[in-house]
Ligand code: VGL
Ligand code: ZN
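Numbering (this note's numbering), first residue to last: 1 to 244.
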């Protein structure tokens, strides 16, 4: 589904979390992303690759499809070869999840409502547990992952981040898991750069991990201002942009 950009940005949770800085997306997108993964000696036991939400509903043809979302899968599979620790996330909602527009009368898709934990965007139904839309894309190599984190499975709370649900108090368990594993560097890729990847990267940095986003293994929804807002958050939280 193609997002209604005007409506979406108007109501986006990001408009409160991050600040629109203006300027050209393509310039920003290219800047500071020239550090190569090969310079970083990937593969020690302290490194993990975190692959966010590479699921059918976020790929073209899905109910919340990101443009060219499937085109990053080849790079993600190549990158996996370098890592000894890999975690996948899977957006995993009950069919009556409170973030779904189908649960409300007289509300518009991509508008927001007040939840006990703050503003919540209303989405088209997506990634419903047990459906084809919730499955990982068939081209994603899922064999090497040692961890799969499901998020958003509580009817009352949405979860963009791999670490904390949107209420910011319910953990997914990933932070404790990575700390127990002795992880110190987290490399993040997947969908979508300006939403679930961004929230995951911010929470990773706040948790104290050195955090890297792999720019040629992610794609943004790219609403007006959303990529600039993501990159200003990356600067604020010292999140590094790297490339394969
Ligand atoms: C996502 C909206 C709702 C994402 C998940 O993975 O980017 N976006 N649920
Ligand atoms: Zn979702």
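Yeah, the Cβ is synthetic: ideal placement off N, Cα and C, and Gly gets one too.
Three or more Cβ pairs closer than 8 Å define a contact, and the segment 202-220 meets that threshold against the segment 163-174.
The DSSP-derived three-state label of residue 83 is coil.
For residue 118, the enclosing beta strand (DSSP E) has its first and last residue at 118-121. Closest by C-alpha distance to residue 194, out of 168, 160, 179, is 160. Segment contact: the segment 112-128 against the segment 84-97, three or more CB-CB distances shorter than 8 Å; contact assigned. Secondary structure of residue 114 (DSSP, three-state): strand. Under the Cβ criterion (8 Å, minimum of three pairs), the segment 163-170 does not count as touching the segment 81-91.
Those residues that bring their Cβ nearer than 7 Å to a heavy atom of ligand 2 are 91, 93, 99, 123, 126, 127, 152, 158. Going by beta carbons, residue 69 and residue 59 fall inside the 7 Å limit. Residue burial is scored here from C-beta neighbours: residue 105 has fewer than 16 other C-beta atoms within 10 angstroms and is therefore classed as exposed.
Note on geometry: alpha-carbon atoms of residue 66 and residue 219 lie some 7 Å from one another. For residue 49, the CB contacts under 6 Å within the same chain, skipping 5 residues up- and downstream, are 83, 86, 187 in chain order.
Judged by the Cβ position, residue 134 fails to qualify as a neighbour of ligand 1 at the 6 Å threshold, every heavy atom of the ligand being at least this far.
The nearest non-hydrogen atom of ligand 1 is less than 6 Å from the C-beta of residue 195.
DSSP places residue 36 within a strand segment (E or B) once states are collapsed to three.
DSSP, reduced to helix, strand and coil, places residue 151 within a strand of the structure shown. Separation of the CB atoms of residue 51 and residue 76 is rounded to 6 Å, and the pair is thereby assigned contact status at 8 Å.
The Cβ atoms of residue 133 and residue 62 sit closer than 7 Å to each other. Note that the C-beta distance between residue 162 and residue 200 is below 7 Å. Less than 7 Å separates the beta-carbon of residue 136 from that of residue 55.
Less than 7 Å separates the beta-carbon of residue 53 from that of residue 190. Sixteen is the threshold: when 16 or more other Cβ atoms of the shown chains lie within 10 Å of the Cβ of residue 165, as they do, the residue is buried.
Distance from the Cα of residue 71 is smallest, within the candidate group 42, 138, 234, 239, for 138.
Annotated as proximal: residue 213 and residue 241, with beta-carbon spacing under 7 Å.
Within the same chain, Cβ atoms closer than 8 Å to the Cβ of residue 243 are found at 33, 34, 35, 36, 37, 214, 215, 216, the five residues on either side in sequence being excluded. Contact check for residue 140 against residue 73 passes: the beta carbons are separated by less than 7 Å.
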